[in-house]
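Below: one structure, written as structure tokens.
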Amino acid sequence: MSFDVHEYYSKLNGGDVLVAFKGSVTTDLINNILEEIEEKMDSANEQAKIRKKVYNVLVESLQNLYHHVEELPEKLKTDFESKFGIMVVSRENEAYKISTGNFITSEKIKFLKDKIDKINSLSKEELKDMYKFILNHQKLSAKGGGGLGLVDIARKTGNKLDYTFQHYQDDYYFFNLDVFITEDK
Amino acid sequence: MEPISIEGTPKTPSVKFDSASGHIEIKGRSIPENSIEFYKPLVDWLEEYAQGPMDKTTVNVQLEYFNTSSSKCILDVFKKLEAIHKAKNEVVINWHYEEDDEDMLEAGEDYESIIRVPFKMIEIVE
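Line by line, the protein sequences give chains X and A.
Mapped onto the numbering used here, the consecutive letters of the first sequence carry residue numbers 1 to 185.
Mapped onto the numbering used here, the consecutive letters of the second sequence carry residue numbers 186 to 311.
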């Protein structure tokens with residue numbers, strides 16, 4: 001049975017949610033979400049340190065989506081807009097949780113899984129070294145991504161990246177990523 | 186050389202590059218989806234400035250947020266400054282960070298460890 005993306009989104013969108021969307025990931029959408037989250041955290045009087053971390057991690061998460069959403073082939077697209085992605089920012093047990101999801105083809109899974117597993121295995125110092133190495137040695141792609149987003153997220157949150165790959169149809173999977181921002185990291 | 190003066194936007198910083206005074210300033214937010222477009226003219230300007238820089242070049246970087254796409258472009262800017270410094274001109278980079286913003290301080294220290302130019306870490310106290 002294929003993974004039910006809409007149901008998954010509904011579940012994510014059921015808790016203490018600050019911002020949520022599903023649909024086309026565009027520059028305008030990113031701008032609107034960033035503006036909204038900033039207003040919400042301002043009015044909630046969240047401490048500056050946490051506010052900045054959430055904002056930073058959200059920027060990277062959204063831009064990762066923007067750069068990496070995979071277009072579904074026409075026959076599978078029926079239920080989804082082009083450049084389809086989902087994103088939910090919520091509060092869960094004293095933490096901020098940022099969930100993102102997008103379609104991905106099977107051949108990209110191994111690379112991404114290896115990368116996240118590697119990041120999750122590293123200490124704070126090792127992550128810093130990895131970040132600096134990529135910063136100094138890897139060129140920006142034409143799309144503007146630099147391979148630094150996930151490393152940066154792991155560094156800033158100090159938490160492990162939670163992920164799943166759910167089979168959708170044919171060669172297409174849905175990639176879910178959850179990152180947590182906690183108080184004292 | 187024409188100075189550069191760019192107003193800030195919610196996603197790009199304000200920029201002031203002035204060859205006559207040797208003052209260079211980048212301030213605000215740098216979170217565009219594609220940062221190359223924004224930074225390329227700045228890197229090109231520095232390339233030209235490097236042909237005849239002032240005895241002393243003072244750089245002020247005061248960013249509230251920057252994304253990883255910008256981080257590479259900022260490194261390119263600093264590499265141009267490193268070349269100016271290497272050619273026996275004085276260059277100092279003042280890296281400003283807000284009180285308690287350890288991530289921004291750490292980001293400055295990352296650059297300091299990569300780029301051979303004197304850095305000064307300046308805490309902005311509100």
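Glycine included, every Cβ here is placed at the ideal spot set by N, Cα and C.
Remember, predicted model here, so these are calculated numbers, not experimental data.
Quiz item: When the Cα atoms are used, what is the spatial distance from Ser90 of chain X to Ile181 of chain X?
Solution: Numbered from 1 along the first sequence, position 90 holds the residue referred to as residue 90 of chain X. Numbered from 1 along the first sequence, position 181 holds the residue referred to as residue 181 of chain X. C-alpha separation (whole angstroms): 11 Å.
Self-check item: With 16 other Cβ atoms within 10 Å as the buried cut-off, status of Met186 of chain A
Solution: Within the second sequence, the letter at position 1 stands for residue 186 of chain A. Met186 of chain A comes out exposed.
Quiz item: According to the Cβ coordinates, are Asn102 of chain X and Leu161 of chain X closer than 9 Å?
Solution: Residue numbering aside, residue 102 of chain X sits at position 102 when the first sequence is read from its first letter. Residue numbering aside, residue 161 of chain X sits at position 161 when the first sequence is read from its first letter. No, these two residues do not count as a Cβ contact at 9 Å.
Quiz item: Count the other CB atoms within 10 Å of the CB of Asn93 of chain X; is the residue buried (16 or more) or exposed (fewer)?
Solution: Residue mapping note: residue 93 of chain X aligns to position 93 of the first sequence, counting from 1. Asn93 of chain X should be labelled exposed.
Quiz item: Taking the continuous alpha helix (DSSP H) assigned at Ile33 of chain X, which residues delimit it?
Solution: For this step, residue 33 of chain X is matched to residue 33 along the first sequence. 27 to 43 is the span of the alpha helix (DSSP H), which, as asked, contains Ile33 of chain X.
Quiz item: In the segment 2 to 36 of chain X, which residues sit with their C-beta less than 9 Å from some C-beta in chain A, listed in chain order?
Solution: Taking 9 Å as the Cβ-Cβ cut-off against chain A, the residues of the segment 2 to 36 of chain X that qualify are Thr27, Ile30, Asn31, Leu34, Glu35.
Exercise. Quick one: measure Cβ to Cβ for Leu320 of chain A and Val200 of chain A, integer angstroms, because I've assumed they're closer than 8 Å.
Key: With chain A represented from 186 up to 311, any question about residue 320 of chain A goes unanswered, as that position is not in the structure.
Quiz item: Are Ala20 of chain X and Tyr8 of chain X close, meaning C-beta to C-beta below 9 Å?
Solution: Here residue 20 of chain X is taken as the residue at index 20 of the first sequence, counted from 1. Here residue 8 of chain X is taken as the residue at index 8 of the first sequence, counted from 1. No.
Quiz item: Whose C-beta lies closer than 7 Å to the C-beta of Val57 of chain X among residues of the same chain, with five residues either side of it excluded?
Solution: Start at 1 with the first residue of the first sequence, and residue 57 of chain X comes out as number 57. Once the five neighbours on either side are set aside, the close Cβ partners of Val57 of chain X are Ile98, Ile153, Lys156, Thr157, Val179, Ile181.
Quiz item: In the DSSP assignment, what residue or residues form a beta bridge with Asn120 of chain X?
Solution: Counting from 1 along the first sequence, the entry for residue 120 of chain X is found at position 120. None, per the DSSP bridge assignment.
Quiz item: Mind checking whether Lys196 of chain A and Asn45 of chain X have CB atoms under 9 Å apart?
Solution: Within the second sequence, the letter at position 11 stands for residue 196 of chain A. Within the first sequence, the letter at position 45 stands for residue 45 of chain X. No. Outside cutoff.
Practice problem: Answer with buried or exposed for Glu311 of chain A, where buried requires no fewer than 16 other C-beta atoms within 10 angstroms of its C-beta. | Solution: Mapped onto the second sequence, residue 311 of chain A falls at position 126. It counts as exposed.
Quiz item: Looking at C-alpha atoms only, which residue of A:Ile307, A:Ile189, A:Ser255, A:Pro238 is the closest neighbour of Lys271 of chain A?
Solution: As a first step, residue 271 of chain A must be located in the second sequence, where it is residue number 86. Checked all of A:Ile307, A:Ile189, A:Ser255, A:Pro238; the closest Cα to Lys271 of chain A is A:Pro238.
Practice problem: Using a threshold of 9 Å, state whether the C-beta atoms of Ala235 of chain A and Ile269 of chain A are closer than that. | Solution: Taking the second sequence and counting its residues from 1, one reaches residue 235 of chain A at position 50. Taking the second sequence and counting its residues from 1, one reaches residue 269 of chain A at position 84. Cβ atoms of Ala235 of chain A and Ile269 of chain A: closer than 9 Å.
Self-check item: For Thr182 of chain X, three-class secondary structure by DSSP
Solution: Within the first sequence, the letter at position 182 stands for residue 182 of chain X. In the structure shown, Thr182 of chain X sits in coil (DSSP, three-state: anything other than H, G, I, E or B).
Quiz item: Mind checking Gln47 of chain X: buried by the 16 CB within 10 Å criterion, or exposed?
Solution: Position 47 of the first sequence, counting from 1, holds the residue named residue 47 of chain X. Exposed, because fewer than 16 other Cβ atoms sit within 10 Å of the Cβ of Gln47 of chain X.
Quiz prompt | 9 Å Cβ cutoff met for Gln138 of chain X and Lys273 of chain A | solution = For the purposes of this step, residue 138 of chain X is identified with residue 138 of the first sequence, where counting begins at 1. For the purposes of this step, residue 273 of chain A is identified with residue 88 of the second sequence, where counting begins at 1. For Gln138 of chain X and Lys273 of chain A, no; Cβs fall outside 9 Å.
Quiz item: Should Glu60 of chain X go down as buried or exposed, given a rule of 16 or more other Cβ atoms within 10 Å for buried?
Solution: Taking the first sequence and counting its residues from 1, one reaches residue 60 of chain X at position 60. Under this definition Glu60 of chain X is a buried residue.
Quiz item: Just to confirm, are Phe263 of chain A and Ser215 of chain A a CB contact at a threshold of 9 Å?
Solution: Within the second sequence, residue 263 of chain A is the residue found at index 78, counting from 1. Within the second sequence, residue 215 of chain A is the residue found at index 30, counting from 1. Result no, Cβ atoms of Phe263 of chain A and Ser215 of chain A do not sit closer than 9 Å.
Exercise. Can you give me the Cβ contacts of Gln169 of chain X inside the same chain, cut-off strictly under 6 Å, excluding the 5 residues immediately before and after it?
Key: As a first step, residue 169 of chain X must be located in the first sequence, where it is residue number 169. Answer for Gln169 of chain X: Ser2, Leu76, listed in chain order.
Self-check item: is_contact[Ile216 of chain A, chain X] using C-beta, thresh 9 Å
Solution: The residue given as residue 216 of chain A occupies position 31 in the second sequence. Yes, its Cβ sits closer than 9 Å to a Cβ of chain X.
Quiz item: For Val246 of chain A, which residues does DSSP report across the bridge?
Solution: Within the second sequence, the letter at position 61 stands for residue 246 of chain A. DSSP output for Val246 of chain A lists A:Ile211, A:Trp280 as bridge partner(s).
Quiz prompt | Inter-residue spacing [alpha-carbon to alpha-carbon] between Ile33 of chain X and Lys241 of chain A | solution = In the first sequence, residue 33 of chain X corresponds to position 33, counting from 1. In the second sequence, residue 241 of chain A corresponds to position 56, counting from 1. Computed Cα separation, rounded: 42 Å.
Quiz prompt | Start and end residues, alpha helix (DSSP H) containing Asn64 of chain X | solution = In the first sequence, residue 64 of chain X corresponds to position 64, counting from 1. Asn64 of chain X -> alpha helix (DSSP H) spans 48 to 68.
Quiz item: Between Leu260 of chain A and chain X, is there a C-beta pair that is closer than 9 Å?
Solution: Within the second sequence, numbered from 1, the residue matching residue 260 of chain A stands at position 75. By this cut-off, Leu260 of chain A is an interface position.
Practice problem: Give every residue of the same chain whose Cβ lies closer than 7 Å to the Cβ of Phe80 of chain X, excluding the five residues on either side of it in the sequence, and list them in chain order. | Solution: Translated into positions along the first sequence, residue 80 of chain X becomes position 80. Contacts found: Leu72.
Quiz prompt | Classification of Glu218 of chain A by the beta-carbon crowding that lies within 10 angstroms, buried from 16 upward | solution = To locate residue 218 of chain A, count along the second sequence from 1; it is residue 33. When all chains shown are included, Glu218 of chain A counts as buried.
Quiz item: In chain A, what lies closer than 7 Å to Tyr55 of chain X by C-beta?
Solution: Position 55 of the first sequence holds residue 55 of chain X. By Cβ distance, chain A contributes Tyr250.
Quiz item: To the nearest whole angstrom, what separates the beta carbons of Asp171 of chain X and Ser106 of chain X, a pair I think is in contact under 8 Å?
Solution: If you number the first sequence from 1, residue 171 of chain X lands on position 171. If you number the first sequence from 1, residue 106 of chain X lands on position 106. Yes, Asp171 of chain X and Ser106 of chain X are in contact; Cβ-Cβ is about 5 Å, under 8 Å.
Exercise. Look at the Cβ atom of Met87 of chain X, then the Cβ atom of Lys22 of chain X, and state whether they are nearer than 9 Å.
Key: Walking along the first sequence from the start, residue 87 of chain X turns up at place 87. Walking along the first sequence from the start, residue 22 of chain X turns up at place 22. Yes, the pair counts as a contact, with Cβ atoms nearer than the cut-off.
Quiz item: Among X:Tyr173, X:Ser24, X:Lys113, X:Lys40, which residue has its Cα nearest to the Cα of Gly85 of chain X?
Solution: As a working mapping, residue 85 of chain X is identified with position 85 in the first sequence. That would be X:Ser24, whose Cα lies nearest to the Cα of Gly85 of chain X.
Practice problem: Report the option in A:Glu275, A:Thr243, A:Glu267, A:Ile309 whose CA atom is closest to the CA atom of Asp285 of chain A. | Solution: Here residue 285 of chain A refers to the residue found at position 100 when the second sequence is read from its first residue. The shortest Cα separation from Asp285 of chain A among A:Glu275, A:Thr243, A:Glu267, A:Ile309 belongs to A:Ile309.
Exercise. To the nearest angstrom, report how far apart Lys225 of chain A and Thr164 of chain X are at their CA atoms.
Key: Against the second sequence, residue 225 of chain A aligns to sequence position 40. Against the first sequence, residue 164 of chain X aligns to sequence position 164. Computed Cα separation, rounded: 37 Å.
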